[in-house]
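Engineer: FYI, the numbering for the sequence shown is 1 to 364, going by the UniProt record's numbering. Ideal Cβ placement from N, Cα and C applies to all residues, glycine included. Every value quoted in this text rests on a predicted model; they were computed, and no experiment measured them. Right, I'll just put the structure down here and ask away after.
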Amino acid sequence: MRNSKITWSIVAGVAVALVAGVGVAIAVNRGSAEPVAAPTASSSAVPGVSSTPSASPAPSPGADIKGPLDLVLVGVDTRVSIPGWEPHADTIMLLHVEADLRSGYLYSLPRDLRVDIPAYKKAGFGGGKHKITEAMSRGSRIPGSQKKSVEQGYELLTKTLSAYTGIKTFQGGAILNFGGLDKLVDQLGGIDMTIDQKVKSRHRKPDGSSRTLSGGDYIGPQATYQPGVRHLVGWQAIDYARQRYGLPNGDYDRQRHQRQMVEAILTKALSQGLSDPARLGSVISALGESLVYIGGRTPFEYAYALRDLDPARITTVSLPGAGVGSGGGYLGEQLKEEGRGFVKALAKGTHRQYLAAHPKLVDK
1 MRNSKITWSI
11 VAGVAVALVA
21 GVGVAIAVNR
31 GSAEPVAAPT
41 ASSSAVPGVS
51 STPSASPAPS
61 PGADIKGPLD
71 LVLVGVDTRV
81 SIPGWEPHAD
91 TIMLLHVEAD
101 LRSGYLYSLP
111 RDLRVDIPAY
121 KKAGFGGGKH
131 KITEAMSRGS
141 RIPGSQKKSV
151 EQGYELLTKT
161 LSAYTGIKTF
171 QGGAILNFGG
181 LDKLVDQLGG
191 IDMTIDQKVK
201 SRHRKPDGSS
211 RTLSGGDYIG
221 PQATYQPGVR
231 HLVGWQAIDY
241 ARQRYGLPNG
251 DYDRQRHQRQ
261 MVEAILTKAL
271 SQGLSDPARL
281 GSVISALGES
291 LVYIGGRTPF
301 EYAYALRDLD
311 PARITTVSLP
321 GAGVGSGGGY
331 LGEQLKEEGR
341 GFVKALAKGT
351 HRQYLAAHPK
361 LVDK
């Protein structure tokens, strides 16, 4: 089985692409008007009198969606198809779309963020202070059964996110797992990624083969990603964005790389003329079973609503944090005051002013 710490930004990128415009080819053909059916001939038609015009075409699905929107992208740490496995939220990305549905903000919360998880009767959970990754696993439990409910886990996670962020409602979300990740990037022809720091792979050799595990660590030559604009194929994209060991800020650097990858995937997807449903279909097929659940409206409805949202209008934000402990033991992470301030400002609708006053939070 693959290492459970693999990054989910590749799949999250496709989820963003689906809700932000790639799927618009299915919802509406932007390059032409909707064809109108010809009037039906009638035996009782009177010469000189125009026939009854055909009914106006129904609005495209998703035309009624209004902003602002808050969407959740969650990566679970293994295949939820494994019987009895409790899904943990290994990656949590939140996408806030402005009221005009043309711009947005993408940010991450640490999987080890220590939060108050509310009581959840469906799972028999009484609530308590835990790492936010545990909200999905604890919520997924079905009392008296070995089966797990991903939908329940998602529901408790969003309740936890609302309690922590102050965002009352998340309009939709995607839960994603293993499968098809490298194929997805390869289906797009690779992505162009701006590497912002030197990263050495713990898991891969320069040729893409796996390094040898010996004595609890990996040995042998390492794939290395140098700063600059680089073209990454599937295995490289996955490998680069999963790395956190050896980085100055560990998982916080990894989170930033994940958000940058989301932008790279969206940019590539939207540049490929995916208005061709056949081409779009091949990309979605490459995703395979990675997308296991979507909450809220369908991706194609969001695709229509967010057809004018593009990568240049998505601001990615880093939320600085630090570890917390007790008696020398590690309990989890907490956001620093500056990062917590952004989350509070977003819930209040003052995030633009907040970022203007705290420009270092914006990813470069």
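#1: Assuming A99 and G67 are in contact, meaning their beta carbons sit under 8 Å apart, how far apart are those beta carbons, in whole angstroms?
#2: Does DSSP put Q334 in a helix, in a strand, or in coil?
#3: Return the CA-CA distance between residue 393 and V72, expressed in angstroms with no decimal places.
#4: Look at the Cβ atom of S60, then the Cβ atom of Y304, and state whether they are nearer than 8 Å.
#5: Who are the Cβ neighbours of K364 in its own chain at under 8 Å, not counting the five residues just before and after it?
#6: What residue from G166, F170, M261 has the CA that sits closest to G190's CA?
#7: Which residue wins for smallest C-alpha separation from E86, given the options D310, S137, H203?
#8: Please list the segments of the alpha helix (DSSP H) lying wholly inside the stretch 90-173, counting only runs of 4 or more residues, in order along the chain.
#9: Pair every Cβ in the stretch 245-261 with every Cβ in the stretch 210-225, then say whether three or more of these pairs are closer than 8 Å.
#10: Out of curiosity, what's the CA-to-CA distance linking D70 and T212?
#11: Would a C-beta distance cut-off of 8 Å place I132 and T160 closer than the cut-off?
#12: Anyone know if the C-beta pair for V199 and Y164 falls short of 8 Å?
#13: Would you report the Cα separation of Y107 and L361, rounded to the nearest angstrom?
#14: I'd like the span of the alpha helix (DSSP H) that includes G234, first residue to last.
#15: Where L94 and S214 are concerned, what is the direct C-alpha to C-alpha distance, given to the nearest angstrom?
#16: Going by the C-beta, is D217 closer than 7 Å to any heavy atom of the ligand MN?
#17: If I measure Cβ to Cβ from V46 and keep anything under 6 Å in the same chain, skipping five residues before and after, which residues do I get?
#18: For G332 versus V343, is the C-beta spacing smaller than 8 Å?
#19: On the criterion of 16 or more Cβ atoms from any shown chain inside 10 Å, does V115 qualify as buried, or is it exposed?
#20: Assign E134 to buried or exposed, taking buried as 16 or more other Cβ atoms, counted over all protein chains shown, within 10 Å of its Cβ.
#21: With H, G and I counted as helix, E and B as strand and the rest as coil, what does DSSP make of L346?
#22: In whole angstroms, what separates the C-alpha of D308 from that of T224?
#23: What's the call for S318, buried or exposed, on a 16-neighbour Cβ count within 10 Å?
#24: Could you tell me if P359 is buried or exposed, where buried requires 16 or more neighbouring beta carbons within 10 angstroms of its beta carbon?
#25: Taking C-alpha atoms, which residue in T316, Y105, I65, A89 lies nearest to A347?
#26: Give the straight-line distance between the Cα atoms of R230 and T267, rounded to the nearest whole angstrom.
#27: Find out if the Cβ-Cβ distance for the pair G127, S140 is shorter than 8 Å.
#28: Of all the options K121, V150, Q353, which has the alpha carbon lying nearest to the alpha carbon of G75?
#29: Contact defined as beta carbons within less than 8 Å: I believe G234 pairs with V185. What is the distance between those atoms, to the nearest angstrom?
#30: Answer with buried or exposed for D207, where buried requires no fewer than 16 other C-beta atoms within 10 angstroms of its C-beta.
#31: Of the choices S271, S201, S209, whose alpha-carbon is the least far from that of L247?
Structural biologist: In short, the structure shows the following:
#1: 4 Å
#2: strand
#3: Nothing can be reported for residue 393, as the shown portion of the chain is limited to 1 through 364.
#4: yes
#5: D196
#6: Cα-wise, what sits closest to G190 is M261.
#7: S137
#8: 134-139, 150-165
#9: Because the criterion of three Cβ pairs below 8 Å is not met, the stretch 245-261 and the stretch 210-225 do not touch.
#10: Approximately 42 Å between the Cα atoms of the pair.
#11: yes
#12: no
#13: 10 Å
#14: Its alpha helix (DSSP H) spans residues 234-242.
#15: Straight-line Cα distance between these residues: approximately 37 Å.
#16: Looking for the ligand MN in the displayed structure turns up nothing, as the structure carries no ligands at all.
#17: The pLDDT assigned to V46 is 37, lower than 50, so where the model puts this residue is not dependable; a value taken from the coordinates is nonetheless given after this. Excluding sequence neighbours, V46 sits near nothing in its chain.
#18: Taking 8 Å as the Cβ cut-off, G332 and V343 do not qualify as a contacting pair.
#19: With a 10 Å radius around the Cβ and a threshold of 16 neighbouring Cβ atoms, V115 comes out buried.
#20: buried
#21: In the three-state scheme derived from DSSP, where H, G and I count as helix and E and B as strand, L346 is classed as helix.
#22: 36 Å
#23: Classification of S318: buried, given that the 10 Å Cβ count is 16 or more.
#24: exposed
#25: Per the Cα distances, Y105.
#26: 14 Å
#27: no
#28: Closest option to G75, judged by alpha-carbon separation, among K121, V150, Q353: V150.
#29: 4 Å
#30: exposed
#31: S201
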